[in-house]
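This report concerns only the one structure given below.
Numbering (the UniProt record's numbering), first residue to last: 1 to 118.
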């Protein structure tokens with residue numbers, strides 16, 4: 001763990017200046033990255049789980065939008081502390097909700113297929 005009490009590492013650039021971003025590599029090799037990006041007149045905190053083999057996005061969520069960088073950093077740090085396993089599909093993540101719907105549709109289709117085959 002780092003000084004913030006969570007298992008994420010703050011990323012740094014080649015010149016040693018830290019961007020407003022954090023990363024964690026999980027035991028299965030997947031990565032969670034949290035970044036703060038300008039978003040109009042505010043700043044968005046975005047979390048994403050990534051498969052490092054092909055940098056395919058696995059799940060993502062907009063954690064918060066804040067009018068100040070300091071506020072966005074505080075909200076990011078709270079999210080980091082509360083989410084050591086990364087983005088929780090189906091619990092606030094847009095991608096996770098879509099996957100939940102797709103899984104339900106797949107399950108329904110499989111059940112319907114087995115009923116017609118009987």
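Ideal placement from N, C-alpha and C gives every residue a C-beta, glycine not left out. Computed from a predicted structure; not experimentally measured.
query: Between 38, 9, 77, 29, which lies nearest to residue 67 when the distance is taken from Cα to Cα?; result: 38
query: For residue 28, is the classification buried or exposed, using 16 other Cβ atoms within 10 angstroms of its Cβ as the cut-off for buried?; result: exposed
query: Please report the residue range of the beta strand (DSSP E) in which residue 56 lies.; result: 56-66
query: Where does the unbroken alpha helix (DSSP H) through residue 70 begin, and where does it stop?; result: 69-82
query: Here's the rule I'm using: 16 or more other beta-carbon atoms within 10 Å means buried, otherwise exposed. How should residue 82 be labelled?; result: exposed
query: In this structure, how does DSSP classify residue 52 when only helix, strand and coil are distinguished?; result: coil
query: Assign residue 86 to buried or exposed, taking buried as 16 or more other Cβ atoms, counted over all protein chains shown, within 10 Å of its Cβ.; result: buried
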